[in-house]
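The numbering of the sequence shown is UniProt numbering, which starts it at 1 and goes up by one.
Every residue, glycine too, gets a C-beta built ideally from N, C-alpha and C.
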Amino acid sequence: MSKTALITGVTGQDGAYLSEYLLKKGYIVHGIKRRSSLFNTDRIDHLYQEPHLDHRNFILHYGDMTDSMNLTRIIQEVQPDEIYNLAAMSHVKVSFDTPEYTANADGIGTLRILEAVRLLGLKSRIYQASTSELYGLVQQVPQTEKTPFYPRSPYAVAKMYAYWITVNYREAYGMHASNGILFNHESPVRGETFVTRKVTRAISRIALGMQEKVFLGNLSSKRDWGHAKDYIKAMYLILQQDQPDDYVIATGVTTTIREFIRMSCNEVGLEVSFTGAGADEKGFLSGIDEKIFTEKVGEDYLEGIRKRLKEGNPEIVSVDPMYFRPTEVELLIGDSTKARTKLNWTPKYDLAGLVADMMQSDIHLMQKDAYLKDGGYRILNYFE
Ligand code: NDP
Ligand code: GDR
């Protein structure tokens, strides 16, 4: 008998990779997507199955984390063996603009799922997408399952409620409910407004002569970045354990945003040097390895870069304080020893592999845009 999984946030980065992974394992996968005025299923379109087919193993339902009745009905209909609660307003900076909505969707939304399973008397195992943002203001590093929390944004505070309500339902009602405390994980389908993807898209466009520079916020914060493909495997493993529990999932390596930019540039043969600090920091194109550039980007674009270099120290990164956060999380570095020993989880990608994967994909996507632009089509340049 195939197992049935229900994924909230199925249209997001992790939802897409997890759907693919579970389908390959023979699961019937149900996903909850929001109604939107434009199609929002880009990341899962390759998995889509026509609703008129007799036998489908990938089924989408309209829903929202703020609608208890909707969630309860879907859970009752689907009777899932496993629920992966990935839906959230997941942007830390935006949570300062929409704090109440974030609390509702990310915090109370988790309660709605737990309570629905309890009231329906189901035995569904529940995975809660917890986050390294819970650690916030540095108490100790590396961060483990025992490190105290000190959330620094409305997003993190909402996720703190979700973390504890998951623990509470496990202890109060004996539910198989677990938290994965995942550190930042990225991929070629990472949302365009998170810093890694913003950088890999921008550097690709700069290399192709489609954009002059990119505006960013705090370049000094440090993140422990992994690949989403590795991290969704940990979610699956957590729900396969006999006992529910909470696990840190991380690589154990931390890097500044500045260094991530440098690595993304180097990936395509570009060199960048930084001057200044804080709001005055700038990044300049300082050299080019023409062999790597030609191989990764293409000879056609070489002349444009040579010209920019000849013009003298062209600025490709500027800091704009509008991207600073009212309270910042400066340093994240996770210790995932528990997951590595108990779940036997090991990531395949290191940061260099992640950067290479993201840059390769974005260069390819932007080459397509450059081709359309050359053909006279208007290409929108959305910076945020
Ligand atoms: P994304 O932002 O890519 O995806 C979020 C998903 O949630 C999307 O499918 C989105 O739908 C959906 N969603 C948002 N609000 C609602 C709502 N009110 N009702 C229903 N669905 C909603 O996030 P990721 O895939 O990167 O992350 C998955 C989860 O893991 C999130 O909970 C995130 O907070 C958490 N997390 C992520 C980490 C990371 O580094 N990626 C690290 C640790 C935790 P739509 O597509 O319509 O916007
Ligand atoms: P984060 O990811 O806040 O860690 O949350 P994000 O990529 O948004 O920021 C990481 C760091 O980069 C700095 N930064 C910028 N960030 C953005 N978005 N845009 C910029 O222009 C920019 N410039 C500098 C930020 O200040 C920050 O220090 C992500 C999300 O996926 C959460 O849902 C998840 O819980 C955590 O990772 C773990």
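| query | Secondary structure at H52, three-state DSSP: helix, strand or coil? | reply | Reduced to three states, the DSSP call for H52 is coil.
| field | Contact test: S36 Cβ vs the ligand NDP heavy atom, cutoff 7 Å | value | yes
| P148 versus L23: straight-line alpha-carbon distance, rounded | 37 Å
| Three-state secondary structure (DSSP) of Q13 | helix
| message | I want to check one thing, is the minimum distance from the CB of T66 to the heavy atoms of the ligand NDP below 7 Å? | response | At least one heavy atom of the ligand NDP lies less than 7 Å from the C-beta of T66.
| With 16 as the cutoff for other CB atoms within 10 Å, does Y62 come out buried or exposed? | exposed
| Residue nearest to K159 in terms of C-alpha spacing, selected from Y173, D81, V92 and T346 | V92
| task | Give the straight-line distance between the Cα atoms of M65 and D97, rounded to the nearest whole angstrom. | result | 19 Å
| message | At the level of alpha carbons, what is the spacing between residue 391 and D14? | response | Any answer about residue 391 is impossible in this case: the structure gives the chain only from 1 up to 384.
| Nearest-angstrom Cα separation, counted from P326 out to K309 | In the sequence under discussion, the amino acid at residue 309 is Leu, which differs from the Lys named in the question. If you take the alpha carbons of L309 and P326, they lie about 36 Å apart.
| task | Taking V319 and G217 to be in contact with their CB atoms under 8 Å, please state how far apart those CB atoms are, rounded to whole angstroms. | result | 7 Å
| request: Locate the alpha helix (DSSP H) running through Q143, then write down its first and last residues. | output: Per DSSP, Q143 belongs to no alpha helix (DSSP H) and is neither H nor E.
| said: Just to confirm my understanding: we take T200, look at its own chain, exclude 5 residues before and 5 after, and list those with CB closer than 6 Å. What are they? | reply: S264, M358, M359 and D362
| request: With distances taken Cα to Cα, identify the nearest neighbour of T251 among Y349, F260 and L302. | output: Y349
| message | Please report the distance separating the alpha-carbon of D242 from that of A156. | response | Counting only the Cα atoms, A156 lies some 29 Å from D242.
| Pairwise C-alpha distance: F274 and I257 | 12 Å
| At which residue ranges does the segment 282-324 contain complete beta strand (DSSP E) runs of 3 or more residues, listed in the order of the chain? | 282-288 and 315-319
| said: Looking at the strands, I want to know which residues DSSP matches up with G376. | reply: None; G376 has no bridge partner.
| query | When burial is assigned at 16 or more other CB atoms within 10 Å of the CB, is residue 439 buried or exposed? | reply | Residue 439 lies beyond the stretch modelled for the chain, which goes from 1 to 384, so this question has no answer here.
| query | Is E115 near the ligand GDR, judged by its Cβ being under 7 Å from some heavy atom? | reply | no
| said: Quick check on this structure: which residue in A177, K146 and A105 has the alpha carbon closest to the alpha carbon of T337? | reply: Residue nearest to T337 within the set A177, K146 and A105 is K146 (criterion: CA-CA distance).
| query | What residues are listed by DSSP as bridge partners for F215? | reply | In DSSP, F215 forms a bridge with S318.
| said: What does the Cβ neighbour count give for F39, buried or exposed, with the cut at 16 atoms within 10 Å? | reply: Exposed: under 16 other Cβ atoms inside 10 Å.
| T8 and A87: beta carbons closer than 8 Å? | Contact: yes.
| In whole angstroms, what is the alpha-carbon distance linking T346 and Y231? | 9 Å
| Can the beta-carbon of S153 be found less than 8 Å from the beta-carbon of E330? | No, they are not a contact pair.
| field | Residues of its chain near S19, where Cβ-Cβ distance is below 8 Å and the 5 sequence neighbours each way are ignored | value | I7, V10, V29, G31, I44, L47 and F58
| said: Using a Cβ-based criterion (distance less than 7 Å to any ligand heavy atom), does G353 qualify as near the ligand NDP? | reply: no
| A228: first and last residue of the uninterrupted beta strand (DSSP E) it sits in | Careful: A228 lies outside any beta strand (DSSP E), inside the alpha helix (DSSP H) at A228 to Q240.
| request: Would you tell me roughly how many angstroms separate the C-alpha atoms of H55 and Y27, rounded to the nearest one? | output: Distance between the alpha carbons of H55 and Y27 is about 13 Å.
| query | Closest by CA to V248, which one among E271, E171 and L134? | reply | L134
| task | Determine the burial state of M1: buried for a count of at least 16 other Cβ atoms within 10 Å of its Cβ, exposed for fewer. | result | M1 is exposed by the Cβ-count criterion.
| field | L182 to G353 span [Cα, whole Å] | value | 19 Å
| query | According to DSSP, is Q128 helix, strand or coil? | reply | strand
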